[in-house]
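In UniProt numbering, the protein residues as written are 1 to 205.
Just below is one structure, and these are the notes that go with it.
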Amino acid sequence: MDNDKTNTKPSEMNPEDLPDVRAFHDEFTRGFLQSTEETRPGYYPFLSGTGAYKMDFPAGGIVGEKGYGRIKKKKEGYLVGIENENGTGSSITINYDSFKIKDHVESYLDNLKDRLGKEVEFKKLEIEDDQQSLYYAYFERNGFYTYAGYLQNEKNHGGIQAVYQIDCGGRQEEVCKENKKAVKDRIIEWMKSIQFINGDEEVSG
1 MDNDKTNTKP
11 SEMNPEDLPD
21 VRAFHDEFTR
31 GFLQSTEETR
41 PGYYPFLSGT
51 GAYKMDFPAG
61 GIVGEKGYGR
71 IKKKKEGYLV
81 GIENENGTGS
91 SITINYDSFK
101 IKDHVESYLD
111 NLKDRLGKEV
121 EFKKLEIEDD
131 QQSLYYAYFE
141 RNGFYTYAGY
151 LQNEKNHGGI
161 QAVYQIDCGG
171 RQEEVCKENK
181 KAVKDRIIEW
191 MKSIQFINGD
201 EEVSG
């Protein structure tokens, strides 16, 4: 019985049997979540609508249905709105493009800088997976802390822009300052959870 429950996708389960967290309360978001088992505390397994990548998804997050766009398995873009336990609000913007190739990473980083409207310096982070690379930059502007990442598939074509923003304006400023280091570490860990799915890997569903 428990095994059946584990193998059943959340979108096919009785809502009363789902974890009592925001991500599972939203029907559209539920369609991307692959299990009710946490990947790590506060995160659940998420599979892209393209089937091209997976990642840890925050329990307090919701994928905006109206802003979600996908062109078959080629491109995908969406916004995730997050309510954090400490009272701050966050958002994640994801843009996947299957045509990105590793030889043009520098131009993709320039494109992301233009999108951010900020001349930032991207640093290549060390990750265990040699089949992909991760570039990261951070800046503060107008009360927002912005963590920008670009992931490139090194085995096949495909790249992902991942921009994580936290609203630290007004009364939230002190909360953000107190937790700055821990939040940065958590967001980098989340970026590292994004994994491309190459042809030799099995994915449920």
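Ideal placement from N, C-alpha and C gives every residue a C-beta, glycine not left out.
*asked:* Looking at the secondary structure, which residues open and close the beta strand (DSSP E) in which K123 lies?
replied: For the purposes of this step, residue 123 is taken as residue 123 along the sequence shown, with counting starting at 1. In the DSSP assignment, K123 falls within the unbroken beta strand (DSSP E) covering K123 to L125.
_Stretch-stretch touch, CB-based, cutoff 8 Å, three pairs: the segment 50 to 57 with the segment 182 to 195_ = Touching, yes, given that three or more Cβ pairs across the two stretches are closer than 8 Å.
*Cα separation between Q161 and I62?*
On the sequence shown, residue 161 is found 161 positions in, with the first residue counted as 1. On the sequence shown, residue 62 is found 62 positions in, with the first residue counted as 1. Approximately 18 Å, taken between the alpha carbons.
*So what does DSSP say about K74, is it helix, strand or coil?*
Here residue 74 refers to the residue found at position 74 of the sequence shown. Three-state DSSP puts K74 in coil, outside helix and strand.
_Cβ pair count under 8 Å reaching 3, the segment 149 to 169 against the segment 83 to 103_ = The answer is yes - the segment 83 to 103 touches the segment 149 to 169, with three or more Cβ pairs under 8 Å.
*Taking the DSSP output, what are the residues bridged to P41?*
By one-based count along the sequence shown, residue 41 stands at place 41. DSSP output for P41 lists no bridge partner at all.
*Relative to the alpha-carbon of N95, which residue among Y68, A59, P19 and D26 has its alpha-carbon at the smallest distance?*
Taking the first residue of the sequence shown as position 1, residue 95 is located at position 95. Of the candidates Y68, A59, P19 and D26, the one whose C-alpha sits nearest the C-alpha of N95 is Y68.
*Is there contact between the segment 107 to 120 and the segment 178 to 192, where contact requires at least three CB pairs shorter than 8 Å?*
Judged by pairs of C-beta atoms under 8 Å, the segment 107 to 120 does not touch the segment 178 to 192, as fewer than three such pairs exist.
*From what residue to what residue does the alpha helix (DSSP H) around S11 run?*
Reading the sequence shown from its first residue, position 11 is the one you call residue 11. Where S11 is concerned, there is no enclosing alpha helix (DSSP H), because DSSP gives it neither an H nor an E.
*Measure the C-alpha to C-alpha separation of D103 and D97 and round it to an integer number of angstroms.*
Locating residue 103 in the sequence shown gives position 103, counting from the first residue. Locating residue 97 in the sequence shown gives position 97, counting from the first residue. Per the coordinates, the alpha-carbon of D103 lies some 15 Å from the alpha-carbon of D97.
*Between S35 and the rest of its own chain, which residues show a CB-CB distance below 6 Å, the 5 nearest in sequence each way excluded?*
In the sequence shown, counting from the first residue as 1, residue 35 sits at position 35. Taken in chain order, the residues that qualify are P45.
*asked:* My output table needs one value for N153: the three-state DSSP class, helix, strand or coil.
replied: Translated into positions along the sequence shown, residue 153 becomes position 153. DSSP places N153 in strand when its eight states are reduced to three.
*Between N198 and R171, what straight-line distance do the alpha-carbon atoms span, to the nearest angstrom?*
Counting from 1 along the sequence shown, the entry for residue 198 is found at position 198. Counting from 1 along the sequence shown, the entry for residue 171 is found at position 171. About 44 Å.
*Could you please give me the residues that DSSP links to S90 through a beta bridge?*
Residue mapping note: residue 90 aligns to position 90 of the sequence shown, counting from 1. Answer is I82 and I166, bridged to S90.
*Any idea which residues DSSP pairs V63 with across the strands?*
To locate residue 63, count along the sequence shown from 1; it is residue 63. Paired residue(s): V80.
_Nearest-angstrom Cα separation, counted from H25 out to E16_ = If you number the sequence shown from 1, residue 16 lands on position 16. If you number the sequence shown from 1, residue 25 lands on position 25. Cα to Cα, E16 sits roughly 10 Å from H25.
*If H100 sits next to G158, beta carbons under 8 Å apart, how far is it from one beta carbon to the other, in whole angstroms?*
As a first step, residue 100 must be located in the sequence shown, where it is residue number 100. As a first step, residue 158 must be located in the sequence shown, where it is residue number 158. Note that residue 100 is Lys in the sequence shown, not His. Rounded, the Cβ-Cβ distance is 6 Å, consistent with contact.
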